[in-house]
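The block underneath contains the structure these notes are about, expressed in structure tokens.
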Ligand SMILES: C[S@@+](CC[C@H](N)C(=O)[O-])C[C@H]1O[C@@H](n2cnc3c(N)ncnc32)[C@H](O)[C@@H]1O
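Numbering (my numbering), first residue to last: 20 to 243.
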């Protein structure tokens with residue numbers, strides 16, 4: 020099951036036990052980072068998901084709700100649940116959704132390792148910029164949990180910091196090596212093979228670079 024990982028991927032320098040605290044602190048400034056360097060990849064993920072109204076959608080690690088606001092807007096008759104382990108991030112998400120007047124949603128504290136959903140109940144599971152801060156063992160644990168809750172024809176949409184493929188991307192890796200908390204604990208990961216190891220079919224994997232920041236956007240399905 021375990022693939023050989025590069026040094027970069029095998030590192031996760033902020034343990035999960037500290038992540039909620041790090042993001043409680045980062046929540047005050049996260050939207051600046053999240054808009055300047057990640058908005059294109061997040062938007063592409065929403066396009067690839069092909070949301071139609073009336074679906075059961077779960078966003079894990081919803082953060083300040085940058086993607087969730089758009090998800091709820093596209094799925095007003097469906098079920099929209101967003102969860103995160105950081106109360107600081109959730110509180111920003113609540114304010115954002117309230118301001119947007121988006122009614123049909125639930126935002127709650129919860130972990131990717133123990134999702135508040137029954138087996139095979141979710142049509143689309145979104146998860147943006149979370150695996151890039153996890154250890155390989157935790158990544159496997161969360162992917163297994165995602166597989167449990169997704170319907171047999173369900174879609175998994177992932178966005179993560181990835182390894183740079185174009186000029187200008189190496190600066191972020193350097194910052195991570197010196198001061199990982201400044202990067203919110205994120206380093207580049209490449210997840211397609213790992214998803215296949217867990218029985219997912221990778222429909223597409225796209226590379227998006229914004230302000231030099233390298234992201235991968237993946238659409239995967241449980242079945243063929
Ligand atoms: C880099 S932020 C991304 C936030 C949001 N997905 C976005 O794209 O704007 C990472 C988020 O993952 C959350 N997170 C990390 N580990 C988690 C876990 N095990 N379960 C749920 N959320 C987690 C953090 O609290 C944080 O809000």
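Virtual Cβ for every residue (Gly too), placed ideally from N, Cα, C. The structure displayed is predicted, hence computed values, not measured ones.
- Using a Cβ-Cβ distance cut-off of 8 Å, the segment 106-113 and the segment 169-185 are not in contact, since fewer than three pairs of beta carbons, one from each stretch, lie closer than that value.
- By the criterion of a C-beta distance shorter than 6 Å, residue 78 is surrounded in its chain by 87, 101, 145, once the five residues flanking it on both sides are discounted.
- It is roughly 10 Å from the alpha-carbon of residue 183 to the alpha-carbon of residue 206.
- Contact between residue 148 and residue 99 does not hold, since their C-beta atoms are separated by about 19 Å, which reaches or exceeds 8 Å.
- For residue 61, the distance from the CB to the nearest heavy atom of ligand 1 is below 7 Å.
- Taking 8 Å as the cut-off, the Cβ atoms of residue 141 and residue 75 count as close.
- Distances from the CB of residue 85 to the heavy atoms of ligand 1 include at least one below 7 Å.
- For residue 137, the closest of 82, 201, 167, 53 by C-alpha to C-alpha distance is 167.
- DSSP places residue 155 inside the alpha helix (DSSP H), whose first and last residues are 155-168.
- Within the same chain, Cβ atoms closer than 7 Å to the Cβ of residue 217 are found at 162, 163, 166, the five residues on either side in sequence being excluded.
- If you draw a 10 Å sphere on the C-beta of residue 233, you find 16 or more other C-beta atoms in it, and that means buried.
- Residue burial is scored here from C-beta neighbours: residue 129 has at least 16 other C-beta atoms within 10 angstroms and is therefore classed as buried.
- At a threshold of 7 Å, residue 149 counts as near ligand 1, since its beta carbon sits closer than that to one of the ligand's heavy atoms.
- For the segment 42-106, the full-length beta strand (DSSP E) segments reaching 3 residues or more read 75-79, 98-103 along the chain.
- With a threshold of 7 Å, the Cβ atom of residue 64 does not count as near ligand 1, since no heavy atom of the ligand is closer than that.
- Residue 237 is not a Cβ neighbour of residue 152, given a cutoff of 8 Å.
- Remark: the C-beta of residue 127 is outside contact range of ligand 1, defined as less than 7 Å to any heavy atom.
- Cβ neighbours of residue 60 within its own chain (closer than 6 Å, five residues either side excluded): 178, 227, 234, 236.
- Across the set 214, 80, 225, 125, the C-alpha of 125 shows the shortest separation from the C-alpha of residue 94.
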